[in-house]
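Residue numbering for the sequence shown follows this note's numbering, starting at 76 and increasing by one per position.
A quick write-up on the structure given underneath.
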Amino acid sequence: MLEVQNLHKTFGDLTAVNNLSFSLKPGDVFGFIGPNGAGKTTTIRMLATLLEPTAGNARLNGVDILSDPMEVRRRIGYMPDFFGLYDDTKVWEYLDFFAAAYQIGKKQRPEIIDSVLELTDLTTKRESFVQTLSRGMQQRLCLARCLVHDPTLLLLDEPASGLDPRARAELKELIAELGRMNKIVIVSSHILPELADFCNTIGIIERGALLAFGPVKDIMKQVQPTRVIRIRVLDGVARALELLQAAEHVKSAEPGEDNVIRVQFTGEVEHQADLLEKMVRDGVRVVDFREEEIDLEDVFLRITTGAVH
Ligand SMILES: Nc1ncnc2c1ncn2[C@@H]1O[C@H](COP(=O)(O)OP(=O)(O)O)[C@@H](O)[C@H]1O
Ligand SMILES: [Mg+2]
76 MLEVQNLHKT FGDLTAVNNL SFSLKPGDVF GFIGPNGAGK TTTIRMLATL
126 LEPTAGNARL NGVDILSDPM EVRRRIGYMP DFFGLYDDTK VWEYLDFFAA
176 AYQIGKKQRP EIIDSVLELT DLTTKRESFV QTLSRGMQQR LCLARCLVHD
226 PTLLLLDEPA SGLDPRARAE LKELIAELGR MNKIVIVSSH ILPELADFCN
276 TIGIIERGAL LAFGPVKDIM KQVQPTRVIR IRVLDGVARA LELLQAAEHV
326 KSAEPGEDNV IRVQFTGEVE HQADLLEKMV RDGVRVVDFR EEEIDLEDVF
376 LRITTGAVH
């Protein structure tokens, strides 16, 4: 468990992090989202024990970042937003160096290096010099380095920034895998859709304050209490509309192009099933019936502009 309690940081007059409290459990992949300057890096650096909180505390499996920072460091892997790799070092040497720094014995290191290389899909690059790797591979190598001591908590600060779409997709897959390995993962970004599809929990931070925190689904519900269902019929749009407008849980039904009707729906999935059944029973020829994906960017905007609190 990671328990963050009233974590607070000021720089002079500026409140960079304002009284954050949340907890995460093993397997949680937490998307820490907020615009530039919101306080993400400051929070992460406090959790990494590299920056002292002005007030508040955090505990990782009961170990306190204030009173026992060295023990916390043994249990975390921290990937900063900017990092340098050493030139003229081979991939395996680089990992060996960090494993040694974590006091892992010489005999155990090769096996550990092999396993983190495999996890980060860098096995074939074992003997390559780090400066010859692509940006995406360097990012994965940096993550591999954070994994040599098998940490409980991973702190990844904007790991996807500067990566091309393919490298991003690979990184997402890797982060999801870390969650499946039952680690706690905190991954920050200023771009919401980048995170929401593989995180189970999201937190939205703005000007140091946590505006929303919880399971991705709950947060969506909070900002968008109605679902939108797209229904396409073969013909008879007018009849379908009439039926829909009279149906339960339908807030509105609007016709669009190609015989598509967009329905604002307040019911649950069972009621969706009832609605579809009713339409078919009444002779409406339904070609397509599905819930529209919520636009995460839109949710983010609504939260950060104060539309929801
Ligand atoms: N060492 C520092 N001294 C003074 N102000 C800082 C320092 N570090 C960060 N800040 C300020 O704290 C705020 C939060 O910054 P940061 O945590 O880096 O945000 P984010 O990572 O979300 O972009 C910003 O206004 C930033 O300018
Ligand atoms: Mg930052």
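Virtual Cβ for every residue (Gly too), placed ideally from N, Cα, C.
Item, Value
"Start and end of the alpha helix (DSSP H) containing ASP333?", "Note, ASP333: premise wrong, no alpha helix (DSSP H); not H, not E."
"GLY152 bridges to which residues according to DSSP?", "LEU229"
"Would you say the stretch 254-273 touches the stretch 201-216, given that touching needs at least three Cβ pairs under 8 Å?", "no"
"Would VAL191 be called buried (16 or more neighbouring beta carbons within 10 Å of its own) or exposed?", "buried"
"In three-state DSSP terms, what is ILE179?", "coil"
"Return helix, strand or coil for GLU78, following the three-state DSSP convention.", "strand"
"Taking 6 Å as the limit, tell me which residues put their C-beta closer than that to any heavy atom of ligand 1, in chain order.", "PHE86, LEU89, ALA91, GLY109, ASN111, GLY112, ALA113, GLY114, LYS115, THR116, THR117"
"According to DSSP, is SER142 helix, strand or coil?", "coil"
"Could you check the C-alpha separation between TRP167 and ARG241 for me, to the nearest Å?", "24 Å"
"Output the boundary residues of the alpha helix (DSSP H) element that contains VAL191.", "184-194"
"Quick check on the DSSP output: the beta strand (DSSP E) that includes ILE277 runs from which residue to which?", "276-281"
"Evaluate LYS292 with the Cβ neighbour count: other Cβ atoms within 10 Å of its Cβ, from every protein chain shown; 16 or more gives buried, anything less gives exposed.", "exposed"
"Taking the beta strand (DSSP E) that ARG305 belongs to, which residues open and close that run?", "302-308"
"Alpha carbons only, please: which of ILE108, TYR161, VAL79, ARG149 is nearest the one belonging to ALA130?", "VAL79"
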